[in-house]
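Asker: The sequence shown begins at 1 in the UniProt record's numbering and counts up one residue at a time. All C-beta atoms, glycine included, are put in the ideal place defined by N, C-alpha and C. Treat the numbers as computed from the prediction; the structure is a model and nothing was measured.
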Amino acid sequence: MCVCSIISVMTRALYMHQENWYKIALAIMACLTPLLSCSTALAMMFLCGIRFASILCVIPFLVLSIGVDSSYLMIHEWQRVTEHMRDTPRKKDSVGHRMSEVLSEVGPAILISCLTNVFADAVGSFTSSPEITLLCTGNMLSMCVAFVYQMTFYAGLMTLVGRREIGEDNEEKNRTAISIAENRVNIAKHHRTLTRQPSKFHEATKPVISKFMKEYVEIMTTPAVYVGIFIFYLTYLFLSIYGITRINIRLTATKLFATDSPLLELDEYRITYQVPVYSMATVFVENPGNLSDPQRLRRINEFVESMERLNESWGKNWGPVSRFNEDELKYFLKWPEYDFWSGFVKLRNGSEPGEEHLDRFFYTTGFHGEKLSDWNERGRMLRSWRKVVDNYTLVGFD
């Protein structure tokens, strides 16, 4: 990455006749600045107690693409400003003036690019998947830190390099003036500026680039070409919209496994043989209340029956509870043949010694169907479960 950056930056600098060894530092730091911002952002997350996940290792590559682009914008804008200052020298020319010109031109573009990614990641931070939420949060924070580093650290580095460039330009002008004076060439002072001779590389490549751009513009302005591009764009939009409406969202657990993980085969067996035959719904009742009240006990029975009347349910294999006694419950759970039910029930201590009350419990019910192997069908079934639960939340069950 750094080698490619050095080659591209130095080639452009050579073409603009602004080559110097300091440009190598700018090219290397263009690649390192996004990585520094990722390190800072992730360190801040870990200090705040956010857990590490392997998916966070993707963030440096995402930020690198944005950060390098922003650095290149600043480098090429600096070269454009430098060329303009050489052609039209000004008394107020300084490093600060050139940097202000650079930031006024490319600053809004860098800011908009940063905000676009930040807002996109902010939306992703509210998704239901914890891993995706973690990725979007880390990437959003890294983008913000990268923008700050770009406007401070990298801009400061460009200022140091720019001061060296301006110093070398002044030295070259002085040497040219001394050479002219020694050869006794009469030049009216303050009436003509000392111009820099174009480099051989610039002279050799300029005709080729000019010819290529001229032919490219002629081809693109041909009616057959721009009409074809417009039709291609409309076709692309149509296929994209059609694909979005037909796409199946399948964020499965297998997407988080390694390609050689034995869990892939295990999950395949689960989807093929277990899920279509028995998909279990676990319903937690956090606030059962006083079930000694017949009215409330009847609502609990209706709640369970509503879950078991849904489509694909295995049906009811129990009778409604007609009477509930908390004193009998604690003894029932202590019997050896029934002690496994204690895993479904949580009791809380009462005000009297040895007194216990039902605090919460959960129950399970089974569903079946060949279509349940498909994630969309399981999503539909999950929504039907939630619809039933929401009906009983309003009457005091949490």
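1. First and last residue of the alpha helix (DSSP H) that includes N349?
2. According to DSSP, is E19 helix, strand or coil?
3. Quick one, are the C-beta atoms of H368 and E308 less than 7 Å apart?
4. Which residues does DSSP list as the beta-bridge partners of L358?
5. Do Q79 and M158 have their CB atoms nearer than 7 Å?
6. Can you give the Cα-Cα distance for V283 and N290, rounded to whole angstroms?
7. Let's see if you can read the secondary structure: which residues bound the alpha helix (DSSP H) around A122?
8. Closer than 8 Å by C-beta to T133: which residues in its own chain qualify, once you throw out the five before and the five after it? Chain order, please.
9. For my contact list, Y72 and A109 are in at a C-beta cut-off of 8 Å; report their separation, rounded to the angstrom.
10. Give me the DSSP bridge partner(s) of M280.
11. Quick one, which of D359, R383, I166 has its alpha-carbon nearest V81's?
12. What residue from E302, C57, E265, D169 has the CA that sits closest to E83's CA?
13. Quick one, which of T33, A53, T272 has its alpha-carbon nearest D374's?
14. Return yes when the Cβ of P34 is within less than 7 Å of the Cβ of L64, no when it is not.
15. In the DSSP assignment, the alpha helix (DSSP H) including G138 goes from what residue to what residue?
16. Would you mind stating whether N301 and P320 have Cβ atoms separated by less than 7 Å?
17. Classify V285 as helix, strand or coil using the three-state DSSP reduction.
18. Per DSSP, which residues does S70 bridge with? Please list them.
19. Please report the Cβ distance between V225 and I219, rounded to the nearest whole angstrom; I am assuming they are in contact, meaning their Cβ atoms lie under 8 Å.
20. Does DSSP put S292 in a helix, a strand or coil?
21. Please report the straight-line C-alpha distance between I24 and G243, rounded to a whole angstrom.
Answerer: So, from the data block:
1. Premise fails: N349 lies in the beta strand (DSSP E), 345-349, not in any alpha helix (DSSP H).
2. coil
3. no
4. L347
5. no
6. 18 Å
7. 95-124
8. G124, S125, F126, T127
9. So it is not a contact: roughly 11 Å between Cβ atoms.
10. G366
11. I166
12. D169
13. T272
14. yes
15. 130-149
16. yes
17. strand
18. Its beta-bridge partners do not exist; DSSP assigns none.
19. 6 Å
20. coil
21. 45 Å
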